[in-house]
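Colleague: Per the working numbering, the very first residue in the sequence shown carries number 41; after that it's consecutive.
For every residue, glycine included, the Cβ atom is placed at its ideal position computed from N, Cα and C.
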Amino acid sequence: MTTREPRLVLLISGRGSNMEAFIRAIEGETLQATIGAVISNEPDAAGLYIAEQAGIQTRVVPHREYSNREAFDAALATEVAAHDPDLVILAGFMRILTPVFVDRFAGKLLNIHPSLLPKYPGLHTHQRAIDAGDSEAGATVHYVTSQLDGGPPVMQVRLPIRSEDTAESLAARLLPLEHQLYPAAAALHLSGRLHLSNGLLELDGEPLPATGIDWRPL
Ligand code: GRF
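1. Exposed or buried, what is residue 89 when buried is set at 16 or more other beta-carbons lying within 10 Å of its beta-carbon?
2. Do residue 73 and residue 92 have their C-beta atoms within less than 8 Å of each other?
3. Measuring only the C-alpha atoms, how far is residue 63 from residue 94?
4. Kindly indicate which three-state DSSP category residue 254 falls into: helix, strand or coil?
5. Counting only runs that start and end within the segment 138 to 215, where is the beta strand (DSSP E) found for 3 or more residues in a row?
6. Does at least one heavy atom of the ligand GRF sit under 7 Å from the Cβ of residue 55?
7. Name the residue from 181, 144, 175, 188 whose alpha carbon lies nearest to the alpha carbon of residue 163.
8. Kindly indicate which three-state DSSP category residue 82 falls into: helix, strand or coil?
9. From residue 191 to residue 178, what distance separates their C-alpha atoms?
10. Would you be able to state if there are at least three C-beta pairs under 8 Å between the segment 43 to 57 and the segment 78 to 87?
11. Using a threshold of 8 Å, state whether the C-beta atoms of residue 148 and residue 128 are closer than that.
12. Which residue marks the beginning of the alpha helix (DSSP H) containing residue 60, and which one marks its end?
13. Go through its chain and collect everything with a Cβ distance to residue 256's Cβ below 8 Å, but skip five positions before and after it.
14. Exposed or buried, residue 218, counting other C-beta atoms within 10 Å across all chains shown (16 or more means buried)?
15. Who are the Cβ neighbours of residue 242 in its own chain at under 6 Å, not counting the five residues just before and after it?
16. In terms of residue numbering, what span does the beta strand (DSSP E) encompassing residue 49 cover?
17. Along the beta strand (DSSP E) that carries residue 242, what are the first and last residues, could you check?
18. Between the segment 136 to 148 and the segment 108 to 127, do at least 3 Cβ pairs fall closer than 8 Å?
19. Using the DSSP secondary-structure output, state which residues sit across from residue 77 in a beta bridge.
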């Protein structure tokens with residue numbers, strides 16, 4: 041019996057560098073998966089071009105054409121489901137998703153957020169970490185629930201904040217780490233070793249820390 045490769049669907053809104061990291065991880069065989077489609081809510085997202093160049097199907101579901109979030113989420117869910125994903129990856133997808141979408145893909149919907157969650161959900165994470173005088177920043181891959189950036193963390197990567205850092209310099213140092221972290225977290229999900237029940241995450245049957253696995257760059 042041949043089992044098919046796990047299929048990913050990636051949702052983007054912009055430049056798509058995390059999406060590109062998935063393409064490279066699959067090419068480099070550090071992630072055993074295929075990408076069924078890349079879907080954007082923004083017709084002009086630069087990441088769509090990158091995906092097309094890599095021979096990946098792209099779709100646009102333009103949120104402005106829907107009268108409310110739920111109608112957009114229902115259309116988006118239909119498009120995602122059409123590609124029969126094992127895992128849905130939010131990669132710089134800049135729309136808040138309602139339960140119409142989130143509940144349909146519960147337990148197989150991941151996001152990456154550029155902070156050490158539970159610190160700094162929402163926007164301007166790097167500036168907020170600097171303004172707070174934090175000594176370190178980071179990124180978190182987490183399961184998505186209807187609570188914004190509030191679902192259970194799978195993995196975090198940390199990096200020190202330097203005294204001369206700006207939001208831009210911090211983001212630029214963090215991004216390459218995000219590109220390693222996110223496919224690694226997806227691979228862990230696909231390995232079947234993670235189990236999510238009642239909002240709690242277990243790895244091989246043992247509860248994970250509330251901030252997920254402390255992941256170190258390779
Ligand atoms: C990343 O910083 C990610 O953490 C956040 O949005 C940004 C997306 O960048 N969720 P890209 O589109 O993947 O380049």
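Modeller: Considering the structure as presented:
1. In the sequence shown, residue 89 corresponds to position 49, counting from 1. It is exposed - the Cβ of residue 89 has fewer than 16 other Cβ atoms within 10 Å.
2. Taking the first residue of the sequence shown as 1, we reach residue 73 at position 33. Taking the first residue of the sequence shown as 1, we reach residue 92 at position 52. For the 8 Å CB-CB criterion, residue 73 and residue 92 do not form a contact.
3. Here the question's residue 63 lines up with position 23 in the sequence shown. Here the question's residue 94 lines up with position 54 in the sequence shown. When rounded, the distance between both Cα atoms is 8 Å.
4. Here residue 254 is taken as the residue at index 214 of the sequence shown, counted from 1. Reduced to three states, the DSSP call for residue 254 is strand.
5. The qualifying runs are 149 to 153, 176 to 183, 193 to 200.
6. In the sequence shown, counting from the first residue as 1, residue 55 sits at position 15. Flag set: Cβ of residue 55 near the ligand GRF.
7. Along the sequence shown, read from residue 1 onward, the residue named residue 163 stands at position 123. With distances taken between CA atoms, residue 163 lies nearest to 188 out of 181, 144, 175, 188.
8. Taking the first residue of the sequence shown as position 1, residue 82 is located at position 42. If DSSP states are grouped into helix, strand and coil, residue 82 belongs with coil.
9. Within the sequence shown, residue 191 is the residue found at index 151, counting from 1. Within the sequence shown, residue 178 is the residue found at index 138, counting from 1. Distance between the alpha carbons of residue 191 and residue 178 is about 17 Å.
10. Judged by pairs of C-beta atoms under 8 Å, the segment 78 to 87 touches the segment 43 to 57, as three or more such pairs exist.
11. As a position in the sequence shown, residue 148 is number 108, starting the count at 1. As a position in the sequence shown, residue 128 is number 88, starting the count at 1. Contact flag set, yes.
12. To locate residue 60, count along the sequence shown from 1; it is residue 20. Residue 60: member of the alpha helix (DSSP H) spanning 57 to 67, first to last residue.
13. Residue mapping note: residue 256 aligns to position 216 of the sequence shown, counting from 1. Correct list, in chain order: 197.
14. Within the sequence shown, the letter at position 178 stands for residue 218. Answer is buried; the Cβ neighbour count reaches 16.
15. Here the question's residue 242 lines up with position 202 in the sequence shown. 235.
16. As a first step, residue 49 must be located in the sequence shown, where it is residue number 9. DSSP places residue 49 in the uninterrupted beta strand (DSSP E) bounded by 47 to 52.
17. As a first step, residue 242 must be located in the sequence shown, where it is residue number 202. Segment 240 to 243, the beta strand (DSSP E) holding residue 242.
18. The segment 136 to 148 is in contact with the segment 108 to 127.
19. Counted from its first residue, the sequence shown places residue 77 at position 37. Looking at the DSSP assignment, residue 77 forms a beta bridge with 49.
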